Structures are given as structure tokens and as C-alpha cells.
Amino acid sequence: MNPTDNPDLELFLTREQIQQRVTEMGADISRDFAGQTIVLVGVLKGAAIFLADLARAITVDCTFDFVAVSSYGKSNRSSGAVRLLKDLDHPIENRNVILVEDILDTGLTLGYLRDNLLLQKPSALKIATFLDKPSRRLQAITADYVGFSMPDKFVIGYGMDYSERYRNLPDVCFLPPEAEE
Ligand code: IMP
């Protein structure tokens, strides 16, 4: 489905804007880690598409790993509780780690994951988020690499869901308010 053909969905970011920005982020990361290796740690499932694009925009040697945390379920707002559902497959001690997330919203998810990964003593731990909603923050946390900053609205597409739907939209759209529970 092409959301630009769907009058019910208000477009936020086109696939061209996304591609351009993700390419820039990959260049920034490649410059910052020149001559080193990186482990990209994606937060399932929302960050999967962003990680796939970001990884291909990074020119230094990198490997992937994934974690999963308890999601919002059918609701679209955080319950506040974060639980690890899937841990890393490989140790990250003395590795350069970039935690890759779709949206930094309240900060509870990335705050939890950051603290959890730091216990494993990586040599560097950075955060790359595709979107940032700074006005929603409950836990003080800033990302090192941010695709786009955005207002307090709910978005879907490019990996991001509403009740598991819309992840495959190539563009990012606002969820119509009437669809929110
Ligand atoms: P936080 O713990 O509140 O920062 O939540 C981060 C997670 O909430 C993201 O990884 C998303 O899964 C989800 N989330 C927050 N805002 C949105 C949105 O606008 N659309 C889809 N998912 C969202």
C-alpha cells in the first residue's frame, strides 16, 4: 500500500526524505568510528527496517545483534514497565555498541536498555534513534544520532506499528486521531 494514495493517512516523512537522512546518519557514524568495528544492537521489532537501512549506509565493519523488550501491546502509550524479552546473542564487553531504536519517546525503553548494556562493559555505547519526541520524555536520555525530531503525535510506517499493523509502509505517516484508543 502506498500511503500517499491513502487519503486517510497524513504523510509525515517520505521515503526519499528518510533515505537521505539515514544516509547522513550512516556517514556520521562511519566518520566517528573510522578504523574501528561496531555492533549494531536493534530493538525489535520497530527498529528492524531502520537498522537494515542504517547498516547499509555505514562503511566501517559492523555486526548485528537484537534485543526485544515488552511492547505497548495494543495500546499506543507506554505502561511505564519495561521487561527484557530477548537478550543479546553475543557478549559486547570491550565492543563499540550502537543501540538502534525507532523512536525515543518517554525514554523508559532506552534508559532501561542503556543501563542493562552498560553492565556488560562495552568500550563505547551510543544511541541512534530514527525519531525523537523530546516533549514526551519521562527519563532524561539523549540520543547521539537522531534522524528527525518530531512533535507529540503517533506515527506509523518504516517499521513502526499500531497494534502490529502498518510496519511495512515505506513512508512515515501520522495515525489518524480517530484510530487511537
Ligand atoms: P519509550 O520507552 O516511551 O521511549 O518508547 C519507545 C517505544 O515506544 C518505541 O520503540 C516504539 O515502539 C513505541 N512508540 C512510541 N511512540 C510511537 C509512535 O508514535 N509510533 C509507534 N510506536 C511508538
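Just so you know, we're using numbering that gives the first Met the number 0 here: the sequence shown kicks off at 0 and counts up by one. Quick reminder that beta carbons are idealized off the backbone N, C-alpha and C, glycines included. These figures come from a predicted structure and were not determined experimentally.
Query raised in the report: A56 by DSSP, collapsed to three states: which one?
Result: For the purposes of this step, residue 56 is taken as the residue at position 57 of the sequence shown. If DSSP states are grouped into helix, strand and coil, A56 belongs with the helices.
Requested in this report: Using the Cα positions of A178 and R113, report the straight-line distance between them to the nearest angstrom.
Outcome: Looking up residue 178 in the sequence shown gives position 179. Looking up residue 113 in the sequence shown gives position 114. Cα to Cα, A178 sits roughly 32 Å from R113.
Requested in this report: Starting from the C-beta of D27, find all residues in its chain whose C-beta is less than 8 Å away, skip the five residues before and the five after it, and write them out in chain order.
Outcome: The residue you call residue 27 lines up with position 28 of the sequence shown. Same-chain partners within the cutoff: Y144.
Report task. Have a look at K152, G158 and R136 and flag the residue whose alpha-carbon is nearest the alpha-carbon of P175. Result -> Numbered from its first residue, the sequence shown carries residue 175 at position 176. Answer by Cα proximity: K152.
**Report entry** CA-to-CA distance, R136 to N167, given in whole angstroms
**Finding:** Locating residue 167 in the sequence shown gives position 168, where the first residue counts as 1. Locating residue 136 in the sequence shown gives position 137, where the first residue counts as 1. Cα to Cα, N167 sits roughly 27 Å from R136.
**Report entry** D64 versus D7: straight-line alpha-carbon distance, rounded
**Finding:** Your numbering for residue 64 matches position 65 in the sequence shown. Your numbering for residue 7 matches position 8 in the sequence shown. Going from the Cα of D64 to the Cα of D7 covers about 36 Å.
Query raised in the report: E100: beta carbon under 7 Å from a heavy atom of the ligand IMP?
Result: On the sequence shown, position 101 is the one that residue 100 refers to. For the ligand IMP, at least one heavy atom lies less than 7 Å from the Cβ of E100.
Query raised in the report: Taking Cβ positions, are Y157 and I17 nearer each other than 8 Å?
Result: As a first step, residue 157 must be located in the sequence shown, where it is residue number 158. As a first step, residue 17 must be located in the sequence shown, where it is residue number 18. For Y157 and I17, yes; Cβs fall inside 8 Å.
Query raised in the report: Under a three-way DSSP split, which group does V81 fall into?
Result: Within the sequence shown, numbered from 1, the residue matching residue 81 stands at position 82. Of the three classes helix, strand and coil, the one that applies to V81 here is coil, per DSSP.
**Report entry** Euclidean distance between Cα positions of T58 and P90
**Finding:** By 1-based counting over the sequence shown, the position of residue 58 is 59. By 1-based counting over the sequence shown, the position of residue 90 is 91. Going from the Cα of T58 to the Cα of P90 covers about 23 Å.
Query raised in the report: How big is the Cα-Cα spacing for F147 and R55?
Result: Counting from one through the sequence shown, the residue named residue 147 turns up at place 148. Counting from one through the sequence shown, the residue named residue 55 turns up at place 56. Their backbone Cα atoms lie some 19 Å apart in a straight line.
Requested in this report: Could you name the residues of the same chain whose beta carbon sits closer than 6 Å to that of R14, not counting the 5 residues immediately before and after it, in chain order?
Outcome: As a first step, residue 14 must be located in the sequence shown, where it is residue number 15. Here the set comprises P169 and D170.
Query - Per DSSP, cross-strand counterpart(s) of V145 - result: Mapped onto the sequence shown, residue 145 falls at position 146. Answer is T128, bridged to V145.
Query - A142, buried or exposed, once every other Cβ within 10 Å from all chains shown has been counted against 16 - result: The residue given as residue 142 occupies position 143 in the sequence shown. Under this definition A142 is a buried residue.
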